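Reading through the structure tokens given below for one structure.
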Amino acid sequence: MGIPAYVQGMKAFGYKSVAFGTIIQQNVPPMTGCRTALLRAKYTAAGTAHTLSILYPATSNGGHAPAAATLLGSKNTASALAASGQAVINVTNAPTDPAGNAAASGDIIAYQCTDGTWEFNVVDSIAVKAITVTTNLAKSVAALAKVRIIGILADGFNMQEPCGASATTTIEGEPALITPDFDEPCVIQSNNATATGFFLSALFAYINK
């Protein structure tokens, strides 16, 4: 289908594993003007089948049509400067997860820093439009910077690929999975249930269509 003609950049990730019962997560920052596409991933599940999932902010594309409040709540912006070293980000709209629920402790959050890079964090608590994250900001976040609430797997706002028990699964396609919107961060997760899994590698491409 000619996807290589539209590739603007690539990003590769290597080995990750943790004890079963803890999600294995790889954060994937966006590239400006592009969607993020999973070209290839290798994953070993031990004695239990696992699922690889890609989670992303709310979108009006890809079969989802959330209310405006949901879209703005998940695709938020900072309402004021959040200095590095602090743990609070004030946002413009009432924060929601991608499914439209009020954002809550445990939700994955990503935000663009003043140098253009992205940080990924986890919501600790929310007071109206003030989001406290679990790890202090490593870099400052400017007013009007993008703040994206990606939520959790249970929100059901994700794409999934099954990985069979006691086997190494290679996921690949043209491409295998593509985030619905441009310029948006995502994460790839394994549920890593019951028996430890091993995230061996993943290759993402940034495409302009």
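Each residue of the sequence shown is one higher than the one before, counting from 248 in my numbering. By construction, the Cβ of each residue, glycine as well, lies at the ideal position given by its N, Cα and C atoms. None of the values given here were measured: they were computed from a predicted structure.
Query: Does DSSP put T382 in a helix, in a strand, or in coil?; Result: coil
Query: Do you know offhand how far G310's Cα is from S321's?; Result: Residue placement at G310 is flagged as unreliable, the pLDDT there being 46, under the threshold of 50; the coordinate-derived value follows with that caveat. Straight-line Cα distance between these residues: approximately 17 angstroms.
Query: Out of curiosity, what's the CA-to-CA distance linking T298 and A350?; Result: 24 angstroms
Query: With a threshold of 16 other CB atoms inside 10 Å of the CB of A325, please say whether the residue is buried or exposed.; Result: buried
Query: Please name the residue or residues paired with G444 in a DSSP beta bridge.; Result: A292
Query: Could you tell me which whole beta strand (DSSP E) segments of length 3 or greater appear in the region 341-426?; Result: 355-359, 365-374, 377-380, 393-398, 405-410, 414-425
Query: Of all the options Y262, K289, A401, which has the alpha carbon lying nearest to the alpha carbon of G420?; Result: K289
Query: Could you say which of K456, S307, T417 lies nearest to I425 if we only look at CA atoms?; Result: K456
Query: If you draw a straight line from the C-alpha of N368 to the C-alpha of L384, how long is it?; Result: 9 angstroms
Query: Can you tell me whether Y303 is buried or exposed? The criterion is at least 16 other CB atoms within 10 Å of its CB, across all chains shown.; Result: buried
Query: Indicate the three-state DSSP secondary structure (helix, strand or coil) for L285 in the structure shown.; Result: strand
Query: Taking the straight line between their C-alpha atoms, what separation do you get for Q273 and S300?; Result: 11 angstroms
Query: Measuring CB to CB, does T295 end up less than 8 angstroms from T415?; Result: no
Query: What are the complete beta strand (DSSP E) segments, minimum 3 residues, inside the region 298-332?; Result: 322-324
Query: To the nearest angstrom, report how far apart E366 and I397 are at their CA atoms.; Result: 13 angstroms
Query: A266 bridges to which residues according to DSSP?; Result: Per DSSP, none; premise fails for A266.
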